[in-house]
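Student:
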Amino acid sequence: MMIGKYNRILWPLLFAQIVITGIVYFYTGLLQGPEVPRMLLTLDSRSVETLRIIGPGEKSVLLEKAKKSGEWGLPEFDGFPANSQAVVQLIDRLTNTELGMQVSKQADSFDRMKVADNNFERKVEIGKASEIKTIFFGSAPALRQAHARLSGEKIVYAVKFAPGDIDLKASDWIKKDLLVVDEKKVQTVMSGNIKIQRTENVDVDGQEGSKPAWKLFVNNKPAESQDNEKVDEFVKEIADMQIDSIGLDADIGNVSKKNTFLISLELEGGKKIEYRFAKLNGEEDYLMTTSSRPESFRLPPLASQKLLELSRPNSLIKKAD
């Protein structure tokens, strides 16, 4: 009987103790779920319309999104098309970067950590015209990390971001496959005294594909023994032409007027495209202009030389055994 009496007293006391403990733990945060991560940017990546990247020595590149197409361009290069996929990837990285540990709250540490207004590894201005946010990325506290500070704030954070990954040259952001054409639409290739004409693939003596898709002419006469692999390679190199950078004014004034060559294409529907190559004085590279664009371009290293070599008849004709 005594045990039952004590039980009636102890059980309510135990319940009350549990309730009180739970309340204390809840309000002190010990029973709360994990905190929502704080992000470097409280910004919807889809709302970003402008992005400027600034580095040491006043190097910078400006990228802007077209309102109608949603594609990115370089307004400082007359709106030349940018690699939109690369721009979107950077914006996604910036808007998905979490704030790490607070490293400093002292203004006199900004220079040392390279997150000062005038001393930084990268300064990124991002947003839309009416609301621009600025981030300073500085030195690295650890591998693949950087000190970061938001403009107007005094707290420096360590974030998982490598500012060196953010390119500063316009040539790193241009759409390098802008001049690529569909090889299937190429009908004719001409350069110097050679002409390459598309033919139909037909069976000869029951052997499928025994006749080449291209016919080579030299001085308007069919070549007797064309090298099909080399001819096909030449057409592919032209159709898949990549650009490396936009030509500068200094490049335009430094081209040879004599050391030049021309390649022209004719596509389905009679559309024609010309590519003019002029050797840069004192360099191995060539500067290229095309009838399809107003700019001049540098191609990747040795790409122009390869096209020049392939455009020669001796490169497209089989060597005698």
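Take the sequence shown: its letter number 237 is residue 234 in our numbering, and every next letter is one higher.
Ideal Cβ positions, reconstructed from N, Cα and C, are used throughout, including at glycine.
Only a predicted model underlies this, so the values are computations on that prediction, with no experimental measurement involved.
Would you decide whether I321 is buried or exposed? Buried here means 16 or more other CB atoms lie within 10 Å of its CB.
Tutor: Here the chain covers residues -2 to 318 and nothing more, so residue 321 does not appear.
Student: Just grab the DSSP bridge partners of K157 for me.
Tutor: Its beta-bridge partners do not exist; DSSP assigns none.
Student: Taking the beta strand (DSSP E) that F258 falls in, what are its first and last residues?
Tutor: V252 to L264
Student: Are R49 and L59 closer than 7 Å when you measure CB to CB?
Tutor: yes
Student: Measuring alpha carbon to alpha carbon, tell me which of P297, K233 and R90 ends up nearest S308.
Tutor: It is K233 whose Cα lies nearest to the Cα of S308.
Student: So, do the stretch 129 to 145 and the stretch 60 to 72 have three or more beta carbon pairs nearer to each other than 8 Å?
Tutor: The answer is no - the stretch 60 to 72 does not touch the stretch 129 to 145, with fewer than three Cβ pairs under 8 Å.
Student: Mind checking who V112 pairs with in its DSSP beta bridge?
Tutor: F117
Student: If you measure between the beta carbons of Y283 and S301, is that distance less than 7 Å?
Tutor: yes
Student: Reducing DSSP to helix, strand and coil, say where S342 ends up.
Tutor: Since the first residue of the chain shown is -2 and the last is 318, residue 342 is not available in this structure.
Student: What are the complete beta strand (DSSP E) segments, minimum 3 residues, inside the stretch 50 to 114?
Tutor: 57 to 62, 69 to 71 and 99 to 101
Student: Which one of G76, S81, G52 and E118 has the shortest CA to CA distance from P291?
Tutor: Residue G76 is the option with its Cα nearest to P291.
Student: In this structure, how does DSSP classify G267 when only helix, strand and coil are distinguished?
Tutor: Helix.
Student: Using only the alpha-carbon positions, how far apart do V177 and D237 sit?
Tutor: 5 Å
Student: What does DSSP give as the partner residue(s) for T286 in the beta ladder?
Tutor: R273 and S293
Student: Please identify the residue among A113, K157 and L296 whose C-alpha is closest to the C-alpha of S148.
Tutor: A113
Student: How many Å lie between I88 and G250 at the Cα?
Tutor: 37 Å
Student: Excluding the five sequence neighbours on either side, which residues of its own chain have a C-beta within less than 7 Å of the C-beta of P74, listed in chain order?
Tutor: The amino acid occupying residue 74 in the given sequence is Phe; Pro does not appear at that position. Once the five neighbours on either side are set aside, the close Cβ partners of F74 are A167 and I243.
Student: For K315, does the count of other Cβ atoms within 10 angstroms reach 16, so buried, or fall short, so exposed?
Tutor: Using a 10 angstroms sphere on the CB of K315, the tally of other CB atoms stays under 16, which defines it as exposed.
Student: Short of 7 Å in beta carbon distance, which residues of its chain neighbour S312, apart from the five on each side in sequence? Order them along the chain.
Tutor: K227 and E306
Student: To the nearest angstrom, how far is it from the Cα of I129 to the Cα of P160?
Tutor: 19 Å
Student: Distance, Cα to Cα, T287 vs S66?
Tutor: In a straight line, the C-alpha of T287 is about 24 Å away from that of S66.
Student: Buried or exposed: where does G279 fall if 16 or more other Cβ atoms within 10 Å of its Cβ makes it buried?
Tutor: G279 is classed as exposed because its beta carbon has fewer than 16 other beta carbons within 10 Å across all chains shown.
Student: Pull up the distance between the alpha-carbon of K192 and that of K268, whole angstroms please.
Tutor: 16 Å
Student: Would you please state the rounded distance, in angstroms, between the beta carbons of H144 and V100? I believe it to be under 8 Å.
Tutor: 6 Å
Student: What do you reckon, are the CB atoms on I45 and I123 nearer than 7 Å?
Tutor: The sequence given here places Val at residue 45; Ile does not occur at that position. Closer than 7 Å, so yes.
Student: For the alpha helix (DSSP H) holding L213, just list the boundary residues, first then last.
Tutor: In the DSSP assignment, L213 falls outside any alpha helix (DSSP H) and within the unbroken beta strand (DSSP E) covering W211 to V215.
Student: Note the first and the last residue of the continuous beta strand (DSSP E) segment covering Q194.
Tutor: I191 to R195
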